Amino acid sequence: MSSDNYPPAVDPSHVGEYPAVVKAGGGYVWDAVLEYRVWCHPHEGADDPDKDGSDYYYAFETYAEALSFSQGTKGAEEPLALILQVEYIDEPKPGQYEHKKEERLTEWPVEFLRRPQRTARTIPDFLSPSAPANRLDIIRGIAKKST
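Be aware that the sequence shown starts at 1, since it is given in UniProt numbering, and climbs by one per residue.
Next comes the structure, spelled out in structure tokens:
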């Protein structure tokens, strides 16, 4: 997937307004991209605007903008996607899945956005007793669709 194929932020007017501290990874599904983040680390050569060595990030509307900044900035990480999960799949123990119906913000590796956006059927199909042996095929959008 090229950088142009990742979805832009759902509401550009809110980019940069979300809390810095959010969940990291998990949940298996996504509902919306809120922004793309590039974390910068002074201890790895990034500028230190506060002169205290603290990590910080820049927020972007598109992945392409975030990637360009990341590649041209010393001490910057690869971009992450800040996503909204309106519903998600929790896995408190390996192989034990729970359907959560609560909003959550989490940072994801951008590559996870290659998975299709959550639909009304994604989580029920994933949790169904008739799910394929590899349930992740549902998340990846390659399992046979239920009717």
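For every residue, glycine included, the Cβ atom is placed at its ideal position computed from N, Cα and C.
As the structure is a computational prediction, the values presented were derived from the model and not from experiment.
Reduced DSSP category for residue i - H, G, I as helix; E, B as strand; rest coil
i, result
"residue 122", "helix"
"residue 86", "coil"
"residue 42", "helix"
"residue 97", "strand"
"residue 114", "helix"
"residue 32", "strand"
"residue 92", "strand"
Straight-line gap, residue i to residue j (C-alpha atoms, nearest Å)
i, j, result
"residue 97", "residue 67", "33 angstroms"
"residue 113", "residue 53", "31 angstroms"
"residue 134", "residue 105", "26 angstroms"
"residue 62", "residue 35", "7 angstroms"
"residue 43", "residue 50", "13 angstroms"
"residue 84", "residue 45", "31 angstroms"
"residue 123", "residue 139", "8 angstroms"
"residue 74", "residue 40", "8 angstroms"
"residue 71", "residue 78", "8 angstroms"
"residue 14", "residue 87", "21 angstroms"
"residue 132", "residue 55", "42 angstroms"
Per DSSP, cross-strand counterpart(s) of residue i
i, result
"residue 80", "37, 109"
"residue 51", "Note: residue 51 sits in no beta bridge, so no partner."
"residue 27", "89"
Whole-number beta carbon distance between residue j and residue i, since they are thought to touch under 8 angstroms
i, j, result
"residue 64", "residue 4", "6 angstroms"
"residue 18", "residue 82", "6 angstroms"
"residue 89", "residue 38", "At roughly 28 angstroms, the Cβ-Cβ gap does not stay under 8 angstroms, so residue 89 and residue 38 are not in contact."
"residue 107", "residue 22", "6 angstroms"
Terminal residues of the beta strand (DSSP E) in which residue i lies
i, result
"residue 59", "56 to 60"
Delimiting residues of the alpha helix (DSSP H) encompassing residue i
i, result
"residue 138", "136 to 139"
"residue 9", "Residue 9 -> no alpha helix (DSSP H), and no H or E assigned at all."
"residue 64", "63 to 71"
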